[in-house]
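J.: Just so you know, the sequences run in chain order A and B.
Sequential numbering of the first sequence, starting at 1, is according to the working numbering.
Sequential numbering of the second sequence, starting at 1, is according to the working numbering.
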Amino acid sequence: MLLSIDHVTTYRYDSPARGVVQSHRLTPSRFEGQRVLGWEVTVSGGVEGGSFRDGAGDWVQGWSVKGPVEEIEVRVKGQIETSDTAGILKGHREMVAPEAYLRDTPATEADEALRLLAESARHDEPLSFAHALAFAVAGAIAYKPGVTDAHTTAAEALAAGEGVCQDHAHALIACARDVGFPARYVSGYLFADADGAPHEAAHAWAELYVPGYGWIGFDPANRCCPDERYVRLGSGLDAREAAPIRGTARGAGAEHLEVAVSVQPRDSVKSTASPSVASQSQAQ
Amino acid sequence: MSGYFNEMYDGKSVRSPYARLSDWMASMPADRRLEKQAEAEALFRRIGITFAVYGEGGDPDRLIPFDMFPRVFTGSEWAKLERGIKQRARALNAFLVDVYGRAEIVRAGRIPANLVFQNEAYERAVCGFVPPKGVYSHIVGVDIVRTGPTDFHVLEDNCRTPSGVSYMLESREMMMRMFPELFRENRIEPVDRYPEVLRRTLASVAPAKCDREPTVVILTPGHFNSAYYEHSFLADLMGVELVEGADLFVEGGFVWMRTTEGPKRVDVIYRRIDDAFIDPLCFRPDSMLGVPGLMDVYRSGGVTICSAPGAGVADDKAIYTYVPEMVRFYLGEEPIIPNVQTWKCAEADDLGHVLANLKDLVVKEVHGSGGYGMLVGPKSTKAQIEEFRELIKADPSNYIAQPTLALSTTPTFVEEGIAPRHVDLRPYCLVGERVELVPGGLTRVALREGSLVVNSSQGGGVKDTWVLAE
Numbered sequence: 001m002l003l004s005i006d007h008v009t010t011y012r013y014d015s016p017a018r019g020v021v022q023s024h025r026l027t028p029s030r031f032e033g034q035r036v037l038g039w040e041v042t043v044s045g046g047v048e049g050g051s052f053r054d055g056a057g058d059w060v061q062g063w064s065v066k067g068p069v070e071e072i073e074v075r076v077k078g079q080i081e082t083s084d085t086a087g088i089l090k091g092h093r094e095m096v097a098p099e100a101y102l103r104d105t106p107a108t109e110a111d112e113a114l115r116l117l118a119e120s121a122r123h124d125e126p127l128s129f130a131h132a133l134a135f136a137v138a139g140a141i142a143y144k145p146g147v148t149d150a151h152t153t154a155a156e157a158l159a160a161g162e163g164v165c166q167d168h169a170h171a172l173i174a175c176a177r178d179v180g181f182p183a184r185y186v187s188g189y190l191f192a193d194a195d196g197a198p199h200e201a202a203h204a205w206a207e208l209y210v211p212g213y214g215w216i217g218f219d220p221a222n223r224c225c226p227d228e229r230y231v232r233l234g235s236g237l238d239a240r241e242a243a244p245i246r247g248t249a250r251g252a253g254a255e256h257l258e259v260a261v262s263v264q265p266r267d268s269v270k271s272t273a274s275p276s277v278a279s280q281s282q283a284q
Numbered sequence: 001m002s003g004y005f006n007e008m009y010d011g012k013s014v015r016s017p018y019a020r021l022s023d024w025m026a027s028m029p030a031d032r033r034l035e036k037q038a039e040a041e042a043l044f045r046r047i048g049i050t051f052a053v054y055g056e057g058g059d060p061d062r063l064i065p066f067d068m069f070p071r072v073f074t075g076s077e078w079a080k081l082e083r084g085i086k087q088r089a090r091a092l093n094a095f096l097v098d099v100y101g102r103a104e105i106v107r108a109g110r111i112p113a114n115l116v117f118q119n120e121a122y123e124r125a126v127c128g129f130v131p132p133k134g135v136y137s138h139i140v141g142v143d144i145v146r147t148g149p150t151d152f153h154v155l156e157d158n159c160r161t162p163s164g165v166s167y168m169l170e171s172r173e174m175m176m177r178m179f180p181e182l183f184r185e186n187r188i189e190p191v192d193r194y195p196e197v198l199r200r201t202l203a204s205v206a207p208a209k210c211d212r213e214p215t216v217v218i219l220t221p222g223h224f225n226s227a228y229y230e231h232s233f234l235a236d237l238m239g240v241e242l243v244e245g246a247d248l249f250v251e252g253g254f255v256w257m258r259t260t261e262g263p264k265r266v267d268v269i270y271r272r273i274d275d276a277f278i279d280p281l282c283f284r285p286d287s288m289l290g291v292p293g294l295m296d297v298y299r300s301g302g303v304t305i306c307s308a309p310g311a312g313v314a315d316d317k318a319i320y321t322y323v324p325e326m327v328r329f330y331l332g333e334e335p336i337i338p339n340v341q342t343w344k345c346a347e348a349d350d351l352g353h354v355l356a357n358l359k360d361l362v363v364k365e366v367h368g369s370g371g372y373g374m375l376v377g378p379k380s381t382k383a384q385i386e387e388f389r390e391l392i393k394a395d396p397s398n399y400i401a402q403p404t405l406a407l408s409t410t411p412t413f414v415e416e417g418i419a420p421r422h423v424d425l426r427p428y429c430l431v432g433e434r435v436e437l438v439p440g441g442l443t444r445v446a447l448r449e450g451s452l453v454v455n456s457s458q459g460g461g462v463k464d465t466w467v468l469a470e
């Protein structure tokens, strides 16, 4: 599938920032399921910093913006060819041992309810077990935006019974690690087609390390494994670690963030694929 | 004190390295001793060398007690220690490069994967990265105890930012000032080149992108840190800037220092801040002490951080038991200084042994330091032992146990005169392009009679450590 991505993140500061530093994971992973045709990340007023491929295989690019600055726009424009690998992360080069993804973070710590949920999905065969875990999480947390926020933990989301893709991914990771699967959070894009679920184009899912297969993606929010509609960017132990943009603004007042993502089939003029716009503001 | 090796004596006769000190000791009248002790204390107060004691209440800037009676090694004793310490520093660094690379030692089944990869100090952020010259730990503090004339053991390794070297330098300075005659009568190897060797070591690991004389800085959490004195002391002696996080910023793939003449590029950062706090973008987002974006510059080769982030996985107490294995695996040698026998409570057999012998053992927390959270069986009450038994049972993998070591003693000035007190030794091995060891170190002494805990936080003091020239 040929996909065009247009992803704009705008930061506005109530009082001008004296300087902004960011670290980006905004470049698609290299594996058999995706081939980049063209990709460009720009930061208004930004100076490019160091860049490297990290041990997890992610391309990391540093940026800085000199102050005073009231608004910064981070824009990703790219074209990519994707194919369905049945969720398997084939041909992805990485150095990190899977066991390093057995460690918990506060967001992915399993409580009693998550442990019970994981046990309820138990199968002898690891791949079936992994699928069952994803379905169990999908069944236990209904998709509903606005109930949870960026700081909601897996345990809290399960208790609420509602959440968004981040909560699904955290809950699946917590369950998976609890029963011994190395698991990680993946951030990326999703082309939600005309009859698709109403999920945001900026998407997240989980990967589980399944013996005999390696890393496999599971998207409880859409009850499937990532296919050609998905674009994988980066990974981490949880949402914070896998965030496509991490940054700090020095001396800024409250920060207001606006994100607009459009994922469309290339050369398509389908009007159904309208950009999904999320807006939030946060005090700093 | 019978059953303990007193480093000054061999039976009734005085061992050769202490021969002149024996005369010195005998010829010092009590009033002169008290006068000198008061002088030493006044000097230490004036220069402001203090060590904060956490969690004990009282004065956080308490002076660490200084004992004037030196601890002495012969040249040949030291030569063996030096070989053993350097060997250990090489093996630890080889281990670090390996576990952030292909982890051959784990693949070979010589160390369990979970101890490495699920270790809290294992940093995925540096996987696949080899720091300049393949060095992760540039200052390795190896804590050594002596139990007999030729018996030395490594008690623990400190691969992150071992502190205390300022005491090594100040103790020597103090002794030379107060007792110059001792330095004429004995041929004592100097330690005062340590700052210069440290500076050279740090400069030798400048990143490949540095094409000129490297700029080295010391990064401190600030004046409220217990070791701040040491940070400023070393910066002074090395002739480098002492900076806090806010003095540095990243731009264009490099780290810059704000100066009155404008930004100056920094090539090597000797940081005295824990991994978790050095970069809020990579580690703890609430850290105000670090430099945002520092890790991106580091990983892309624009700056060197000493010790390298992730070095802590090598000095964990659970990993410690495998260091002799590292020496064999990476260097193909036998360890010159052995470990202390250690039981891992995480293993069922070991746990059984530990619980059955608590009254004879020393039990430590795997991640503990500073002498906190430990049980010294023979020195503890029944109630304390039972309390520890419950702690261990609740979380076995958090504990290791060792035999109660017969730590050597050296003569020490106490109220009643001179008496033997237990000591250990922390030398500071420097690893850069070369591996170097200044002949000396920090001798810590347990000032309380019979105490085996030398930590300054537990009533320990320091002594000047002499290595005699052969």
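In this text, a Cβ means the ideal position worked out from N, Cα and C, and glycines have one as well.
Taking Cβ-Cβ distances below 9 Å as the criterion, which residues of the segment 100-112 of chain A are in contact with chain B?
T.: Listed by position along the chain: A100, Y101, L102, R103.
J.: For V313/B and K36/B, what's the separation of their Cα atoms in angstroms?
T.: As a working note, residue 313/B is residue 313 in the second sequence. As a working note, residue 36/B is residue 36 in the second sequence. If you take the alpha carbons of V313/B and K36/B, they lie about 44 Å apart.
J.: From V277/A to L234/B, what distance separates their C-alpha atoms?
T.: Sequence index remark: in the first sequence, residue 277/A carries index 277 (1-based). Sequence index remark: in the second sequence, residue 234/B carries index 234 (1-based). Confidence at V277/A is low in this model, with a pLDDT of 42, below 50, so its placement is unreliable and the value that follows should be read with caution. Each residue's Cα considered, the two are about 54 Å apart.
J.: Where in the segment 305-391 of chain B do unbroken runs of the beta strand (DSSP E), each at least 3 residues long, occur, reported from the N-terminal end onward?
T.: As far as the segment 305-391 of chain B is concerned, its whole beta strand (DSSP E) runs of at least 3 residues are 361-365, 374-376.
J.: How is the alpha helix (DSSP H) around H123/A delimited, first residue to last?
T.: As a position in the first sequence, residue 123/A is number 123, starting the count at 1. Counting along the chain, H123/A falls outside any alpha helix (DSSP H), and DSSP gives it neither H nor E.
J.: Mind checking the segment 175-186 of chain A against chain B and listing, in chain order, the residues whose C-beta falls within less than 8 Å of any C-beta there?
T.: Cβ contacts with chain B: none found.
J.: In angstroms, rounded to a whole number, what distance separates the CA positions of P198/A and T10/A?
T.: As a first step, residue 198/A must be located in the first sequence, where it is residue number 198. As a first step, residue 10/A must be located in the first sequence, where it is residue number 10. Here the model assigns P198/A a pLDDT of 48, short of 50, so the residue's position is not dependable and the matter cannot be decided.
J.: Below 8 Å between beta carbons: does that hold for D178/A and L114/A?
T.: In the first sequence, residue 178/A corresponds to position 178, counting from 1. In the first sequence, residue 114/A corresponds to position 114, counting from 1. In this structure, L114/A lies closer than 8 Å to D178/A by Cβ.
J.: Give me the subset of the segment 257-278 of chain B whose CB atoms are less than 9 Å from a CB atom of chain A, sorted by chain position.
T.: Result list empty, no residue passes.
J.: Counting only beta-carbon separations shorter than 8 Å, does C127/B have a partner in chain A?
T.: Stepping through the second sequence from its first residue, residue 127/B is reached at position 127. Yes, its Cβ sits closer than 8 Å to a Cβ of chain A.
J.: Whose Cβ in chain A lies nearer than 7 Å to the Cβ of D296/B?
T.: Counting from one through the second sequence, the residue named residue 296/B turns up at place 296. In chain order: S23, G49, G50, V60, G62.
J.: Residues of the segment 9-33 of chain A with a CB closer than 8 Å to any CB of chain B: list them in chain order, please.
T.: So the close ones are G19, V21, Q22, S23.
J.: If I follow the unbroken beta strand (DSSP E) through M68/B, where does it start and stop?
T.: Against the second sequence, residue 68/B aligns to sequence position 68. First-last of the beta strand (DSSP E) with M68/B: 66-73.
J.: Could you give the first and the last residue of the continuous beta strand (DSSP E) run that contains K463/B?
T.: Along the second sequence, read from residue 1 onward, the residue named residue 463/B stands at position 463. Counting along the chain, the beta strand (DSSP E) containing K463/B begins and ends at 460-467.
J.: With distance defined between alpha-carbon atoms, name the residue in A97/A, R122/A, H131/A nearest to G128/B.
T.: If you number the second sequence from 1, residue 128/B lands on position 128. When each option's Cα is compared against that of G128/B, the closest is A97/A.
J.: On the DSSP bridge list, what partners appear for K393/B?
T.: For the purposes of this step, residue 393/B is taken as residue 393 along the second sequence, with counting starting at 1. Note: K393/B sits in no beta bridge, so no partner.
J.: Report yes or no: is there a C-beta of chain A within less than 8 Å of the C-beta of F152/B?
T.: In the second sequence, residue 152/B corresponds to position 152, counting from 1. Chain A, which has no Cβ nearer than 8 Å to the Cβ of F152/B, makes this no.
J.: Threshold first: 3 residues or longer. Then list the beta strand (DSSP E) segments lying entirely within the segment 205-256 of chain A, N to C.
T.: You should have 214-218, 230-236, 245-250.
J.: With 8 Å set as the bound, which would you pick, yes or no: does the beta-carbon of V76/A sit closer than that to a beta-carbon of chain B?
T.: Taking the first residue of the first sequence as position 1, residue 76/A is located at position 76. So, not an interface residue.
J.: Using CA coordinates, which residue listed in E82/B, E387/B, M176/B, R444/B is at the minimum distance from G164/B?
T.: Working through the second sequence from its first residue, we reach residue 164/B at position 164. When each option's Cα is compared against that of G164/B, the closest is R444/B.
J.: Do A311/B and L115/B count as a contact pair if the criterion is CB distance below 8 Å?
T.: Taking the first residue of the second sequence as 1, we reach residue 115/B at position 115. Taking the first residue of the second sequence as 1, we reach residue 311/B at position 311. Contact flag unset, no.
J.: Within 8 Å of any Cβ in chain B, is that where the Cβ of D54/A sits?
T.: Here residue 54/A corresponds to residue number 54 of the first sequence, with the count starting at 1. By this cut-off, D54/A is an interface position.
J.: Answer with buried or exposed for F218/A, where buried requires no fewer than 16 other C-beta atoms within 10 angstroms of its C-beta.
T.: Residue numbering aside, residue 218/A sits at position 218 when the first sequence is read from its first letter. Classification for F218/A: buried.
J.: Where does S456/B fall in DSSP's three states?
T.: For the purposes of this step, residue 456/B is identified with residue 456 of the second sequence, where counting begins at 1. In the structure shown, S456/B sits in a helix (DSSP, three-state: H, G or I).
J.: The alpha helix (DSSP H) with Q166/A in it runs from where to where?
T.: The residue you call residue 166/A lines up with position 166 of the first sequence. Looking at the DSSP string, the run of the alpha helix (DSSP H) that includes Q166/A is 165-178.
J.: What separation, rounded to the nearest whole angstrom, lies between the Cα atoms of V462/B and R199/B?
T.: Taking the first residue of the second sequence as 1, we reach residue 462/B at position 462. Taking the first residue of the second sequence as 1, we reach residue 199/B at position 199. Computed Cα separation, rounded: 25 Å.
J.: What does A113/B touch in chain A if you count any residue whose Cβ is under 8 Å from its own?
T.: Within the second sequence, numbered from 1, the residue matching residue 113/B stands at position 113. Per Cβ cutoff of 8 Å: A97, E99.
J.: Please report the Cβ distance between L442/B and N186/B, rounded to the nearest whole angstrom; I am assuming they are in contact, meaning their Cβ atoms lie under 8 Å.
T.: In the second sequence, residue 442/B corresponds to position 442, counting from 1. In the second sequence, residue 186/B corresponds to position 186, counting from 1. Contact flag wrong, Cβ pair sits at about 20 Å.
J.: Would you mind telling me which residues of chain A sit closer than 9 Å to E251/B, beta carbon to beta carbon, in chain order?
T.: To locate residue 251/B, count along the second sequence from 1; it is residue 251. The answer, in chain order, is G19, V21, V47, G49, S64, K66.
J.: Can you round the beta-carbon distance between V216/B and V135/B to whole angstroms, since I take them to be within the 8 Å contact cut?
T.: Taking the first residue of the second sequence as position 1, residue 216/B is located at position 216. Taking the first residue of the second sequence as position 1, residue 135/B is located at position 135. Incorrect: roughly 15 Å between the Cβ atoms, too far for contact.
J.: Using 8 Å as the threshold, is the C-beta distance between A157/A and A171/A below it?
T.: As a working mapping, residue 157/A is identified with position 157 in the first sequence. As a working mapping, residue 171/A is identified with position 171 in the first sequence. For A157/A and A171/A, yes; Cβs fall inside 8 Å.
J.: May I have the straight-line CA-CA distance separating L133/A from A394/B, to the nearest angstrom?
T.: Residue 133/A sits at position 133 when you count from the first residue of the first sequence. Residue 394/B sits at position 394 when you count from the first residue of the second sequence. Spanning the two alpha carbons is a distance of roughly 30 Å.
J.: In terms of DSSP beta bridges, what is P420/B paired with?
T.: Numbered from its first residue, the second sequence carries residue 420/B at position 420. P420/B pairs with P411/B.
J.: Note down, in chain order, each residue of its chain lying with its Cβ closer than 7 Å to the Cβ of F31/A, except the 5 sequence neighbours on either side.
T.: Taking the first residue of the first sequence as position 1, residue 31/A is located at position 31. If we look at F31/A and ignore the five residues flanking it on each side, its Cβ neighbours are L89, K90, G91, H92.
J.: I'd like the list of long-range same chain contacts for H422/B, defined as Cβ closer than 6 Å, with 5 residues on each side in sequence excluded.
T.: Here residue 422/B is taken as the residue at index 422 of the second sequence, counted from 1. Here the set comprises L407, T409, A446, L452.
J.: Return the Cβ separation of H203/A and Y189/A in integer angstroms, given the expectation that the two are a contact with Cβ distance under 8 Å.
T.: For the purposes of this step, residue 203/A is identified with residue 203 of the first sequence, where counting begins at 1. For the purposes of this step, residue 189/A is identified with residue 189 of the first sequence, where counting begins at 1. That belief holds up - the Cβ atoms of H203/A and Y189/A are roughly 6 Å apart, short of 8 Å.
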